[in-house]
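Asks: Quick one: the structure is below, questions incoming.
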Amino acid sequence: MGKLLLELATLIGVPIIIGSAGLLIMILSELALCNYARSADFVFEPGHYNYLRALRPHILHGSDRGREVAITYSLGDYWSAGQNRGISSVTYALPPHPKLHIKVTAARPWGEKGTRSGDPRFDRWVRVTGGPKAFVQALLADASVRSRLKDTVSPTFTFTSTLTLTPAGLLTLRHKSAILTRGRILSDIELLGDIAEMIAKHFPEDAE
């Protein structure tokens, strides 16, 4: 009888603990997004979530340097397929360019390598693929961008992230970590904004 009660308590208790943790995380992320929205003149649309699951993501949208920016956050997105996998994402809208595509991911020392930057600390832990090659090389030649990409995409003590740019003009940074703060939102947008500026200088005809 005692063993049965223990099993029942476990079956009931584990979902309660997981549900409580998820609910708390969604509330904390909502506070972080609201805080950023107030300071940056963005519009915040709270998500819809309950004790069991996130039904609709938090959405924050506005503009930075004249470009549209959207931030989404949902615990349910962690299980998405392919490159959409992550909990939060920051998307920076750029003019489409049929030949411009980039993917920046965490790498392993023994894994397949992408475009080399010449910086051993970066090349060891970050994999960059895409083209045109001249632009990718110019991107990696910027020490500030390279350092921030390393710290964002392949940090030492937390979840990795992925940065992609599609020919459709969507520059997106996806995070697997559930931690969301105003400071991280600010640094993400600043990084994407600096990359967008480099793209505009490299492809001036697309910026018109």
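Going from the sequence shown to the numbering used here is simple: count from 1 and add 8. Even for Gly, the Cβ is constructed at its ideal location relative to N, Cα and C. Owing to the predicted nature of the structure, the values given are computational and were not obtained by experimental measurement.
Classify Asp4 as buried or exposed, calling it buried when 16 or more other Cβ atoms lie within 10 Å of its own Cβ.
Replies: Residue 4 cannot be examined here, being either before or after the span of the chain that is shown, 9 to 216.
Asks: Tell me the rounded alpha-carbon separation between Asn43 and Arg154.
Replies: When rounded, the distance between both Cα atoms is 28 Å.
Asks: What first and last residue would you give for the alpha helix (DSSP H) that runs through Leu108?
Replies: Premise fails: Leu108 is in no alpha helix (DSSP H) and is neither H nor E.
Asks: Please report how far the alpha carbon of Ala176 lies from the alpha carbon of Glu120, in whole angstroms.
Replies: Each residue's Cα considered, the two are about 26 Å apart.
Asks: Which of the three DSSP states, helix, strand or coil, is assigned to Ser97?
Replies: Ser97 falls in the strand class under three-state DSSP.
Asks: Does Val51 pass the burial test, meaning 16 or more other C-beta atoms within 10 Å, or should it be called exposed?
Replies: With fewer than 16 other Cβ atoms within 10 Å, it is exposed.
Asks: State the DSSP-derived secondary structure class of Gly139, mapped to helix, strand or coil.
Replies: In the structure shown, Gly139 sits in a strand (DSSP, three-state: E or B).
Asks: Enumerate, from N- to C-terminal direction, the unbroken alpha helix (DSSP H) stretches of 4 or more residues contained entirely within the stretch 140-168.
Replies: Counting whole runs of 4 or more residues, the stretch 140-168 contains the alpha helix (DSSP H) stretches 141-149, 151-161.
Asks: Apart from the five residues just before and just after Ser96, which ones in its own chain have a Cβ nearer than 6 Å to its Cβ?
Replies: These residues qualify, in order along the chain: Tyr81, His183, Leu188.
Asks: Where does Leu171 fall in DSSP's three states?
Replies: Leu171 falls in the strand class under three-state DSSP.
Asks: Could you give the DSSP three-state label for Ile79: helix, strand or coil?
Replies: Reduced to three states, the DSSP call for Ile79 is strand.
Asks: Tell me which residue opens and which closes the alpha helix (DSSP H) that Ser195 is part of.
Replies: Where Ser195 is concerned, the enclosing alpha helix (DSSP H) stretches over 190-210.
Asks: Name the residue from Ile193, Thr99, Thr123 whose alpha carbon lies nearest to the alpha carbon of Thr172.
Replies: Thr172 has its Cα closest to that of Thr99, out of Ile193, Thr99, Thr123.
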